[in-house]
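Here is the structure we will look at, set down as structure tokens.
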Amino acid sequence: MITKEQVLNALSHVMDPDLHRDLVSLNMIKDINIDDEEVSFSIELTTPSCPLKNKIEADARRAILTMTEAKEVNINITSKVSQSKTLDLSGNCFKHVIAIGSGKGGVGKSTVSLNIALALVKDGAKVGLLDADIYGPNIPRMLGLDRLPDTPEGKKIKPAEAFGLKVVSIGFLVQAGQPLIWRGPMLHSAIQQFITDFDWGDLDYLVVDLPPGTGDVQLSLAQSLPISGAVIVTTPQQVAVDDAFRAANMFEKLETPLFGIIENMSFLEMPDGSHQYIFGEKGGERLATLVGARFLGSIPLDPGIGVGGDIGSPVVLQEPLSPAAEALISIARNIAAEASKEAFKKNQAG
Ligand SMILES: Nc1ncnc2c1ncn2[C@@H]1O[C@H](COP(=O)(O)OP(=O)(O)O)[C@@H](O)[C@H]1O
Ligand SMILES: [Mg+2]
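Using numbering that gives the first Met the number 0, the first residue of the sequence shown is number 0, and each one after it goes up by one.
As structure tokens, then:
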């Protein structure tokens, strides 16, 4: 007869490769059921976007088959997004606030923010997207949204919603085509209100599309948000990398953890399958090495991204099997893994 202790002992040899601890001491094993030679249990991961889901499941199965008498193993993968302790704000709960920044505009920061948010939704997470780019709040157009839904009198303001994603944009508050001029203190309080006055509810991830650059505005904005980690988008050219380097330094000054670097518009895939490096090669990876952050992945040039962005049909939903969408989905999972690691580190530190 197989015992629960034997099952737990076997699983205590299986490591979470990101957290470097075993599944049992991480308290991830739930609902063990033993029926003769058939062992069933759940593994509760720290994010539904875990990039190592398949490896963890295979390792667990192998451990049970080799270390107990079990002939059959049923594993149910669930998730509960782990949280560091500090992010309950006026009735909203944000488990992770992820800021997406860039050194300059036009590198694809908004495209990446939106598609990453949607990739996390597709994996089953509760996600919000805050478009805080005061210079170019483009997210509403990318989703085909033009205003907030009506909110009943006396209630918190409801975010807009598209494809299961909650969205608030500074663009909802200004007339289309009007120039956006914000004074520092006004901006600071506007952004804080985006967090406190809206009914976001409980979110696993709030993705924030920051304005490009590293000036006072960006600094003040980043300070007014409870950011758990930042991600920087760059294109491969040296000039873009130089500016992205300044953005990385800005987050370092703010003591915001840098979850990593994304390289966008990395190459064009030719009809014969070869890659044409139009803007140069590996700028993103060089930057990641330089600032000691993780390289989260590169996204190819894809004409469908530009078209989709203009007509409200994001690539991860429209063309989920395209190389660009696959890159974005993998990057989203890498970010989720970094957020889990950061929460784990913070919680360990008490
Ligand atoms: N990988 C890509 N392939 C093709 N076009 C892209 C890609 N990434 C972004 N774009 C396009 O480039 C333009 C700028 O992207 P955007 O996300 O608005 O940049 P940013 O927010 O950094 O200013 C948009 O028209 C967008 O559709
Ligand atoms: Mg933008």
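C-beta atoms are modelled at their ideal positions from N, C-alpha and C, and glycine is treated no differently.
Compute the distance between the beta-carbons of residue i and residue j, then report whether it is under 8 Å.
i, j, result
"L10", "L18", "no"
"N263", "I298", "yes"
"L327", "A118", "yes"
"D397", "D132", "The requested residue 397 does not occur in the structure, where the chain is confined to residues 0 to 349."
"E68", "E36", "yes"
"V96", "P225", "yes"
"A116", "V126", "yes"
"F278", "Q236", "yes"
"S48", "A335", "yes"
"I42", "I74", "yes"
"T195", "L88", "yes"
"K94", "L202", "yes"
"D198", "I156", "yes"
"I55", "F40", "no"
"S351", "L172", "Nothing can be reported for residue 351, as the shown portion of the chain is limited to 0 through 349."
"G308", "Q317", "no"
"L147", "I138", "no"
"I33", "V6", "yes"
"P256", "E341", "yes"
"K103", "A239", "yes"
"G153", "V120", "no"
"V80", "V38", "no"
"E346", "L295", "Before going on, a small fix: residue 346 reads as Asn here, not Glu. In this structure, L295 does not lie closer than 8 Å to N346 by Cβ."
From which residue to which residue does the alpha helix (DSSP H) around residue i run?
i, result
"D215", "215-222"
"L119", "108-122"
"I304", "302-309"
"E251", "237-252"
"I226", "No alpha helix (DSSP H) holds I226; DSSP gives it neither H nor E."
"L205", "From DSSP, L205 is part of no alpha helix (DSSP H) but of the beta strand (DSSP E) over 201-208."
"Q82", "Premise fails: Q82 is in no alpha helix (DSSP H) and is neither H nor E."
"K103", "Counting along the chain, K103 falls outside any alpha helix (DSSP H), and DSSP gives it neither H nor E."
"V6", "3-10"
For the beta strand (DSSP E) that residue i lies in, which residues bound it at each end?
i, result
"K165", "164-168"
"I42", "37-44"
"F258", "257-263"
"A292", "Neither: A292 is in no beta strand (DSSP E) and is coded neither H nor E."
"A131", "Where A131 is concerned, there is no enclosing beta strand (DSSP E), given that its DSSP letter is neither H nor E."
Kindly indicate which three-state DSSP category residue i falls into: helix, strand or coil?
i, result
"G283", "helix"
"N26", "coil"
"K94", "strand"
"E68", "coil"
"N346", "helix"
"H187", "helix"
"I55", "helix"
"I63", "helix"
"T150", "coil"
"I138", "helix"
"L144", "coil"
"E318", "coil"
"T77", "strand"
"F350", "Any answer about residue 350 is impossible in this case: the structure gives the chain only from 0 up to 349."
"T288", "helix"
"F156", "Sequence check: residue 156 is Ile here, not Phe. Here I156 sits in strand by DSSP."
"L18", "coil"
"T233", "strand"
"I334", "helix"
"F197", "strand"
Of the choices the options, whose alpha-carbon is the least far from that of residue i?
i, options, result
"E337", "P136, V38, T46, G311", "T46"
"A169", "C92, V80, A62, S188", "For the record, residue 169 in the displayed sequence is Ile; it is not Ala. Ranking C92, V80, A62, S188 by Cα distance to I169 puts S188 first."
"T234", "V306, H12, E284, N53", "E284"
"Y204", "K54, P50, Q82", "Q82"
"S101", "I260, L142, I63", "I260"
"P211", "L147, S109, D309", "S109"
"K52", "V240, K94, S329", "S329"
"G305", "F294, L289, G296, A323", "A323"
"F258", "I99, L64, D301", "I99"
"E254", "F171, E268, V238, G228", "G228"
"P302", "V238, S312, T65", "S312"
"E70", "D122, A62, V166", "It should be noted that the sequence gives Lys, not Glu, for residue 70. Of the listed residues, the one whose Cα sits closest to K70 is A62."
"D145", "K154, V80, G153, V166", "V166"
"V350", "V38, S339, V314", "Beyond the ends of the chain as shown, which are 0 and 349, falls residue 350; an answer cannot be given."
"A246", "T213, E268, Q275, G272", "T213"
"E325", "V206, E280, L300", "L300"
"V230", "A331, P158, P136, E280", "A331"
"M141", "Q192, N114, P158, Y134", "N114"
"A159", "A243, G123, G200, D122", "G200"
"S321", "E268, Y276, F343, K281", "E268"
"D30", "T65, I76, A57, F266", "I76"
Just to check, is the beta-carbon of residue i closer than 7 Å to a non-hydrogen atom of ligand 4?
i, result
"M27", "This structure lacks ligand 4; its bound ligands are ligand 1 and ligand 2."
Residues proximal to ligand 2 by C-beta, any heavy atom closer than 6 Å = K108, S109, D132, G135, N137
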